[in-house]
Structure formats: C-alpha cells, structure tokens
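Working notes, structure below.
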Amino acid sequence: MLAKDQADKPLDPDWAWSPYRPDAQRPWNLPRAGHLYRRAAFGADWSQLQQAVVDGPQRTVERLLTPEGDVDAFNGKFDRYAAASAGSESADGLRPWWLMRMMQSPHPLLEKMTFFWHNHFALSGAKVKNGEMMLGYVQQLRSEALGRFDTMLAGLSHDPAMLLARDAAANRKALPCEHVPREFMVRTCLGTGQFSESDVREAARAFTGWFVLKGQVRFIPREHDPGVKRILGQEGNFDDLDVVRLLLEQPATPRLLVRKLYGLLISETDQPSDALVEPLAQSFATDYDIAALVGRMLRSNLFFSPAAYRRRIKSPLEFALGIVKGFEATVSASQLGLDLAGLGQNLYEPPTDDGWPGGRQWINPATSLGRTNLAFSMLNTEKPYEGKIDPMAIVEKHGRQAGQFLVDLFLQGDLDDAVKQSVLKQASGEETAGGDSSQAARRLAHLVVTLPEFQLA
Amino acid sequence: MSPTRRDFLKASLGTAAVASLGSGLSVCAQAADRHRDTDDTVLVILELAGGNDGLNCIVPYENHIYARSRPTLRLTGDQVLKINDQLGFHPQLEEFRRLYDEGHLSIVQGVGYPNPDGGHDEAMLDWQSAQPHQTNRQTGWVGRAIDAREQADVPAVLFGQVNRPFCLQSQRTIVPSIGSLQECTLRPAGDDAGRSNHRDHLVEAAELPRAESDNPLLDVVQQGDRAAYATGRKVEEVIRDASASAGSYPQFPLAENLRIITQLIRAETGIRIFYTGFGSANIGGFDNHASQRDNHAALLRHMSQSVAAFIDDLKQQGLLDRVVLMTFSEFGRTVQENGRKGTGHGSAAPMFLAGGKVRGGLVGEHPSLTELENGGPKHHTDFRRVYATMLESWLGFDSQAALGGRFEPMDVFQA
Chain A
1 MLAKDQADKP LDPDWAWSPY RPDAQRPWNL PRAGHLYRRA AFGADWSQLQ QAVVDGPQRT
61 VERLLTPEGD VDAFNGKFDR YAAASAGSES ADGLRPWWLM RMMQSPHPLL EKMTFFWHNH
121 FALSGAKVKN GEMMLGYVQQ LRSEALGRFD TMLAGLSHDP AMLLARDAAA NRKALPCEHV
181 PREFMVRTCL GTGQFSESDV REAARAFTGW FVLKGQVRFI PREHDPGVKR ILGQEGNFDD
241 LDVVRLLLEQ PATPRLLVRK LYGLLISETD QPSDALVEPL AQSFATDYDI AALVGRMLRS
301 NLFFSPAAYR RRIKSPLEFA LGIVKGFEAT VSASQLGLDL AGLGQNLYEP PTDDGWPGGR
361 QWINPATSLG RTNLAFSMLN TEKPYEGKID PMAIVEKHGR QAGQFLVDLF LQGDLDDAVK
421 QSVLKQASGE ETAGGDSSQA ARRLAHLVVT LPEFQLA
Chain P
1001 MSPTRRDFLK ASLGTAAVAS LGSGLSVCAQ AADRHRDTDD TVLVILELAG GNDGLNCIVP
1061 YENHIYARSR PTLRLTGDQV LKINDQLGFH PQLEEFRRLY DEGHLSIVQG VGYPNPDGGH
1121 DEAMLDWQSA QPHQTNRQTG WVGRAIDARE QADVPAVLFG QVNRPFCLQS QRTIVPSIGS
1181 LQECTLRPAG DDAGRSNHRD HLVEAAELPR AESDNPLLDV VQQGDRAAYA TGRKVEEVIR
1241 DASASAGSYP QFPLAENLRI ITQLIRAETG IRIFYTGFGS ANIGGFDNHA SQRDNHAALL
1301 RHMSQSVAAF IDDLKQQGLL DRVVLMTFSE FGRTVQENGR KGTGHGSAAP MFLAGGKVRG
1361 GLVGEHPSLT ELENGGPKHH TDFRRVYATM LESWLGFDSQ AALGGRFEPM DVFQA
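Printed below as a string of structure tokens:
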C-alpha cells in the first residue's frame, strides 16, 4: 500500500529531513499512523490509531514526544515500586517493573528511548550484580532519554554500575582502568578508526581517582593523576569530565549517534549516506538535544516514506508489547520477562558490551517458533498468561467484523491480497463452524499477530 | 585420511575450490566427499560441575603415590575395572568400561591449561570462555564458533534444567534454551475443534508468496517461520513415533535429557551442538571436599549409565556415527586426600569422548603424580586442543575464530 503510493526519490537530504506534509500522492492514513506508533511507541490501540488519523502527523508526533498525561507522577510511582524490588544481587526484581512501565506508561516513547540507551551503554546486571545500581543506571538513562546526551554521558562517566561493569571499581593512579574510556570511544561516541590506543591510555589517566567503595562512588583525590594528558589532539591536565567534553567536540560523535538512531527510527536495511547524516549531526552537535533530533526524524518526509516503512524487524519486546497494546491489556510482566529472555532479549542483561545485535539476528527457526508460541501463550486462557488478553471483547468494543478488524488493528489493512483472503477464510470458517466464538477470536488474533508482516516495525 | 588432514584441505582450498579441481585429484575429491560428512555431525557437551576427580575415574591403581595419598578413597587392583596393568575404571564406571570395550569411548588424559585457577567460578569461566585469565570476557567458545558461521540457523542449544553456561554467550547468534520436546513444536491455539484448521492457516500465511513486496526483511521473517514450522512438524512426528523413545534409559535426570536430545537429533532439527550438564559446586555435585567415596561413586554411576543408554539408543537408531559426546569439568582434584575423606581443587583431569566415530581407547599418557600443580596432576594437553578437535575435525567449524588462535586438533577419530 505505502510501498506503491510514491515513486522512488533519490534521498536528497533537504527533502528527506523536511517535515512530511500529506498530499494526494502521500496521504495521511491508517498505515502511516500505525508506522508512527510502531516506531515512536510500542504499537497502538484502535482509539489511538483513529485519533491519529483525525489529528494528522504533526500533532500526533507532538503528542508522542510530549504527552498530555502526568508523566512525572506515573514515573515517580514506578520509581518507588522498582526501588522496593531493587535490593538484591541481580536485576531480576527490576525487570517486571520496567516491562510494566512500558505497558502502562503515558509516555511510551520515553521508555523506548530509555531502552535504546540501555542498548547503547550496554551494561549487564549479570556483571554488576547489584539491583540498586542497575536501577540507578537506568534512572539516569530515563532522566535524559529525551533530554541531553552530554548530561547523560557525563553522569555515566562515573556511574557505579558503569564502573563495575567495566572492571573499573578501583581507578588507581598507578593502574588506570582503560575499559570505560575505551568503550566511550569505540562504541558510545567515536567509533573504530576515530581514535588511537594512546588516546585510550591517556584518557584512562584522566579517569583515575574514581572508586566504587561499599556500593558508593567516591572520588579519591590522591589517586587521581593530575599530570598533563594528550587526548584526541589536545593537551591539558584533564579529568573524566574533560574527556567527556573532548568526546562531544569530535564530529564523529554526533554522526555515530545519528546513525544509530537512524537504525531505530528510520531503517535497518540500508546505511544512510554521509550526506544524509550530516545535517542532523551538525545540528545535534550544537546542543545534544535528543528530543529535537528524535522529533526531527519522526516528522520527516523520510520517516513517512517507503524507505522507512516496515524496514525494521521488531525486537521480541516490540513484538510482544504490540500485541498487548493493540488489545488494550496488561499481562504478567514477570512471565513476559522470562519469555523475552528466551527469545534473546533479557532486559538489564545485554549479551555483550555491544548490546543486542538486533535486526536479522533476532530471527532464526527457534526464535520464529518461539514468537509464534509466545503469542499463542499470551492469547490463551490457560497459565501462565491466563487470558488477560480478550480479543473478542476488543472486537465487540469497536463493533467490527473480527477478521477485517484485526487486520486493520495490527496491520492497518496493509497486507497482500492473497494473505488477507487466507485470514478472512479462517474468520468465515470459524463463523460457519459456530464453535466457541471467544476461542475463535483468540485463534484469529493469533493468526494475525504471527503473520510475517506483523514482525516488521 | 585423518580428519586433521581432511580439514586442512578443506580449510586451505575451500569446498568450491576442491570441487573445481575436478576428479583427477582423487585426494581432493575424497576431501570434498568427507566435507559433506561434517554437515550433519552433532556434538553433545556434558558439563560435570564442581570439579571431577579424574584419579577416581581412571585409577592408577598400581601407583604408590596414589596408594599412599588416598587412605580412604584408594581403589585397589581388585576393585577397579582394569584397562591395563596400571590403570582401571572406577567400579561404578562399568558401563563406560563396556563402551570402551566396544570402541565407543576415548579417554583424553591429562587435560587442563596453564596456570589453572583454583576457584570454581574462575576456572569454569576459563573453560567456558576458552580465554583463560583474560579480563573483560564477553563470549564463550561455542558462541564465537557459531557467530563465525553467519547462518540464520540454530546451531546450538542449551538443553535441560541447567544454568545458562557462559560458553554459549555469543555476540550475534541467539542460542535457545530448551527444556522439553514440546517447546520445539508449534502449539495449536484454542482448545476446541478449530485447532487443526488454525494450524494449516498459520502455515499457509507464512508460506504464501508476497507478490507486492520488495522488502528483504519480509523474506527473512518468512524464511524463519517456514523453517520453524517445518522443524516443529518433524519434532511432532518424532514425539508421535513411540519407537523413537524406545531406548532403555535409567531413571536419572541426565538420562532423560540425553533421551530427548536423541529425539531432537532424530528429528533432523539441524542443531549441531547440544549443551547439558549435571552436578554442581554444592552438595551432591562433584565438589567432594568431604565423604567423597559414596557420593562420587553415585555420580559416576549416574553419568556412565546415562551416557551408555544414550550411546546404545543412538546406535540402535543408526545415528551413532553422527554424534560425539564430550565431558568436561572445571578442574580435577588434589592427589592427596584432605583428612576429611575428600579432596581439594586440583588441576588436570581426563575428558571422555563417546561416539561411533571416535577411535576408542586412551589418548595421551596418564599424568604424572610427582609433577603437581595446585596439588593435582599437571596438564600435558591444553583443553583448547580438544575443543579445536571437536570444532574443526568433527563439526567442520572454524576453530581459530572460536579459540582466538591455532590449537592443533588431535587424532581421536577413525579415518
């Protein structure tokens, strides 16, 4: 549908990043609204989609960036819940609270971005072995997830979870830990080829003096190396915040972040050209305002073009929450946490410092089967999800014919004709058979959310 | 031709190159044929957690140092199941002895690594990562081996109720944990008559060609679904086919895990590496600091009877030539008993290899009891050589990518 309504345009950066204005060739419609909610939230229910179609793209983007509800009160409440579950050597108690927050938050984009940064600064609770520190780390991410990247980076440079995760709990003058500055250079800011080994060694000297003692971060001045360091072409008696500043001054940093966000918000099938990255990187470098960058991407012509549409494979999290959101439900978050781990996405425990590989790596025969069976389990009346999702109730609430409605709700009607006919055939077959209509609706819902198209974001 | 030579040719020429050289080069043609052999071989890794006492498995019953060092644990020539005039199996390894006699068991002796760590967690991480003593280890040896393959299949799984081992940590590939056969099948939705139709619809929806799409990601997902449903069907057939589980297994948890692994192999799921284990560093595991005699004997019985039932079942189903089971433990134990009728954390120990294609017999010398390390026998064979043997000679995987260097495979397989 979307793929056909616009001829391929060369990706002129001016056009690409200008705000999308609907016209006859590129109308604002249900598929585009669904696309926006998949990328800037965890999917949408029927009312949200209808509202978006009425409001138009710009207003809907505004609402996703800055929702009307009391987000602070909601997050304050969940911070307290999570804090009460944090007192252990693992992050296991935190996982359900974060999933619950994702399911219920009035600001899903904030959670999505928090998770994006969790993947970017990929610390693992398996290494940190301290629930409170993992909670503190994710709270830092959340507080700047749509705020300022420079503030986030400065805070994380001596975050206790960060120091423990990178074997840097004792940054002695005589034995500087290189791992934190190396990670900042290679993965978080600059990228390979943008720095030298000597930059890492010198930056490690600047990080000396920071310790994690009895669970608290402390700066011990006599363990800090006050000497002159030469880092990324500059000289001075730098400390860790100077290193952060130097990293943020490198043009490679905004470029790397724009490219990474491009993978989240635009497309993971092709790498953006330098010309496409440059205008966003330049304006991001002026203030490191994440919401401004995210907003510009979400409002853009490129975002609403075929080059972005369904050009991402949903993570297990996005897949499962898309079902929950569409059916206006809340399911057992502790069970969901286990099931997502089984599909390769254990929250708070990325597999390596690189974070989750994502993209095509999500899919193999075992995970494909796992997704189909997870959807079955979520839609089934039995344990462990116990039928918290009720497809029949949602179909009746919106007063529509079940097969067509579910295709509209989850795929915005955008499905190959033959496939749609196959879905409708099952729907009418169930009607003719005249069995338990609630069970029939569960089966139909299962068929729709296991369609390959629903695996794409 | 030895597996080493075969793999050398494969590695240096590549399959395509081998094929294009034509049939005039018979050695190469043979190598190409052999290559196909390694496409469906299976490795089962069996973790013995806690530190298995090698000297109480393969007993140097005639050795005076052994006799003197083990006042309560010592086994005499009358008690062991003799291998030769120096060594014998622990009496509870009777079934291993039978496998040995049938040529299905190889014992790689004196396996360890330089400067072995004496702590359970550290030593286990050294074995699992195959990067001893390195800081900031991210991935395990199996994880790196399968990452290097760059194929969207499921080369490895964790099977059974075991904690997820570090060796399966990978950067790119998702390695599933499986607890039952049912998890490998497509679950039917609903609980009434509409089920079977529903399943047909699921399969049809995954298989229907998408005429209007030029989206490469849709192809990826469709292929994943098709492969998943096809595998699920095969596993169901195996579940339905009662004869597939006709093997006679003892009532041990390990035996049950191995029984199901046999069924998954039979279902042609494409899984090349299974990981399972038993024991622990707690009470009841291999970490016998006190009262070792009966506890260790029970574990050896558990292990040997389970593994033997597995090997017999595979043999009966004609699968044995495709499978090798390899045991490992984080360390062996001290030669000297500790005064509490137990032993401390040692170093080198034997690894057992069971399967249809192993040469059988002892591999390497029994380690010296005078040259010790951490109070246990010192290794003469690096465990990474055994890993390299499994990866390269048996599975046809790239061992250097997994092990971060060249480790010479050993000559343990039949030509």
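Top line first, the protein sequences correspond to chains A and P.
First residue of the first sequence? That's 1 in this note's numbering, and the numbers climb one at a time after it.
First residue of the second sequence? That's 1001 in this note's numbering, and the numbers climb one at a time after it.
Beta carbons are placed, not taken as given, at the ideal position from N, Cα and C, and that holds for glycine.
Those runs of the beta strand (DSSP E) which lie wholly inside the stretch 122 to 177 of chain A and span at least 3 residues: none
Locate the beta strand (DSSP E) running through Tyr1275(P), then write down its first and last residues. Its beta strand (DSSP E) spans residues Ile1273 to Gly1279.
Looking at the C-beta of Ser88(A), does it have a partner C-beta in chain P at a distance below 8 Å? no
Segment contact flag, the stretch 335 to 342 of chain A with the stretch 399 to 412 of chain A, C-beta cutoff 8 Å, min 3 pairs: no
Who are Met969(P)'s beta bridge partners in DSSP? Coverage of chain P is limited to positions 1001 through 1415, which leaves residue 969(P) absent and any answer about it impossible.
May I have the straight-line CA-CA distance separating Gly1405(P) from Arg1137(P), to the nearest angstrom? 16 Å
In whole angstroms, give me the CA-to-CA distance for Gly76(A) and Arg142(A). 12 Å
Take the Cβ of Ser1248(P) as the centre, count every other Cβ of all protein chains shown within 10 Å, and call the residue buried at 16 or more, exposed below. exposed
Give every residue of the same chain whose Cβ lies closer than 7 Å to the Cβ of Asp1382(P), excluding the five residues on either side of it in the sequence, and list them in chain order. Here the set comprises Tyr1113 and Phe1407.
For Thr1262(P) and chain A, any beta-carbon pair shorter than 8 Å? no
Using 8 Å as the limit for Cβ to Cβ distance, is Asp416(A) near chain P? yes
is_contact[His179(A), chain P] using C-beta, thresh 8 Å: Yes, His179(A) lies at the interface with chain P (some Cβ there is under 8 Å from its Cβ).
Please confirm if Pro357(A) has its CB atom under 8 Å from at least one CB of chain P. yes
Tell me whether the beta-carbon of Gly1232(P) lies closer than 8 Å to the beta-carbon of Thr1185(P). yes
In chain P, what lies closer than 8 Å to Val419(A) by C-beta? Annotation: Cβ neighbours of Val419(A) in chain P (cutoff 8 Å, chain order): Ala1205, Leu1208 and Arg1210.
Reference Glu1365(P); option with closest CA among His1064(P), Val1307(P) and His1380(P): His1380(P)
Please name the residue or residues paired with Ser474(A) in a DSSP beta bridge. Because residue 474(A) is not part of the residues shown, which for chain A are 1 to 457, the question remains open.
With 8 Å as the threshold, decide whether the Cβ of Gln404(A) is near any Cβ in chain D. Although the question refers to chain D, the structure presented lacks it and instead comprises the protein chains A and P.
Could you check if Arg205(A) belongs to the surroundings of the ligand ZN, using beta carbon to heavy atom distance under 7 Å? Absence of the ligand ZN is noted for the structure shown, with no ligands found whatsoever.
Backbone secondary structure at Val1358(P) - three-state DSSP: Val1358(P) carries a strand assignment under DSSP once its states are collapsed to helix, strand and coil.
Backbone secondary structure at Glu235(A) - three-state DSSP: Under the three-state reduction of DSSP output, Glu235(A) falls in the strand class.
7 Å CB neighbourhood of Asp1117(P) in its chain, flanking five on each side removed: Correct list, in chain order: Ala1123 and Asp1126.
Reference Val1175(P), options Gln1182(P), His1201(P), Phe1352(P) and Gly1140(P), closest by Cα: Gly1140(P)
What's the gap between the Cα of Leu415(A) and the Cα of Ser105(A)? 30 Å
Please state the DSSP three-state secondary structure of Asp1085(P). In the three-state reduction of the DSSP assignment, Asp1085(P) falls in the coil class, being assigned neither a helical nor a strand state.
Cutoff 6 Å; reference Ile1045(P); Cβ partners in own chain excluding five residues on either side: A distance below 6 Å between beta-carbons, with the five flanking residues on each side excluded, links Ile1045(P) to the following residues of its chain, in chain order: Tyr1275 and Met1326.
Can you tell me where the alpha helix (DSSP H) holding Ile1107(P) begins and where it ends? That residue, Ile1107(P), is in no alpha helix (DSSP H); its beta strand (DSSP E) goes Leu1105 to Gly1112.
Identify the continuous beta strand (DSSP E) that holds Ala1156(P) and give its terminal residues. In the DSSP assignment, Ala1156(P) falls within the unbroken beta strand (DSSP E) covering Ala1156 to Phe1159.
Under 8 Å (Cβ pairs) to chain A, residues found in the stretch 1148 to 1171 of chain P: Ala1152, Asp1153, Val1154, Val1157, Gln1169, Ser1170 and Gln1171
Does DSSP classify Val1363(P) as helix, strand or coil? In the displayed model, Val1363(P) falls within a strand according to three-state DSSP.
Out of curiosity, what's the CA-to-CA distance linking Lys383(A) and Phe376(A)? 11 Å
Under 7 Å from the C-beta of Thr344(A): neighbouring residues of chain P: Residue identity differs from the one stated: residue 344(A) is Gly in this sequence, not Thr. Within chain P, the residues near Gly344(A) are Ile1174.
So with CB distances below 8 Å, who are the chain A contacts of His1198(P)? Gln426, Arg443, His446 and Leu447
Report yes or no: is there a C-beta of chain P within less than 8 Å of the C-beta of Gly429(A)? yes
Any C-beta of chain A under 8 Å from that of Leu1435(P): The displayed coordinates of chain P run from 1001 to 1415. Any statement about residue 1435(P) would go beyond what the structure contains.
Rounded C-alpha distance that separates Pro365(A) from Glu62(A): For Pro365(A) and Glu62(A), the distance between alpha carbons rounds to 39 Å.
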